[in-house]
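Numbering (this note's numbering), first residue to last: 4 to 166.
Just below is one structure, and these are the notes that go with it.
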């Protein structure tokens, strides 16, 4: 029998609370980590989705990207980007990893800017254990991120020149 019940109750509550908050923190961290691995999320202020899509079309041809518009509705665009070069390179090594060269992307209106969400090819680094595929996935992911940011700065420069 416990002689000091209030102390035991307080310690029990403290341990339970600590474990509960630790669970919430670790769960939230894990969800954020997985989300950042799976999705490329970006927001660009003071440009419209149509401007972004038009500039993406111009930039895509220079970067060996093929664009397929899947859905167009107001200021919402669902687009698929295919890198033919990566598709051929990866298919020659491992046909089951070829989806890494295909990226689904949504361009949408944020009110005072444009939001962009795309599947991250770097996810294949986790899914498929092959050094060559890992290298290609990381390279394509970084290339896409640079292209997306470059499009924004290109639009900003064009707007600045027009003023």
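In this text, a Cβ means the ideal position worked out from N, Cα and C, and glycines have one as well.
For residue i versus residue j, is the C-beta distance shorter than 8 angstroms?
| i | j | result |
| --- | --- | --- |
| residue 109 | residue 81 | yes |
| residue 70 | residue 84 | yes |
| residue 141 | residue 131 | no |
| residue 143 | residue 86 | yes |
| residue 112 | residue 52 | yes |
Relative to the alpha-carbon of residue i, which residue among the options has its alpha-carbon at the smallest distance?
| i | options | result |
| --- | --- | --- |
| residue 136 | 106, 122, 99 | 99 |
| residue 79 | 159, 116, 61, 34 | 116 |
| residue 97 | 113, 59, 127 | 127 |
| residue 65 | 150, 164, 165, 163 | 150 |
Just mark residue i as buried or exposed, buried being the case when its beta carbon has 16 or more other beta carbons within 10 Å.
| i | result |
| --- | --- |
| residue 18 | exposed |
| residue 23 | exposed |
| residue 162 | exposed |
| residue 7 | exposed |
Considering only residues of the stretch 34-111, which uninterrupted alpha helix (DSSP H) runs meet the minimum length of 4 residues and lie entirely inside it, listed in chain order?
Whole alpha helix (DSSP H) segments, 4+ residues: 52-65, 87-96.
At a cut of 8 angstroms, does the stretch 43-60 reach the stretch 152-159 through at least three beta carbon pairs?
The stretch 43-60 vs the stretch 152-159: in contact.
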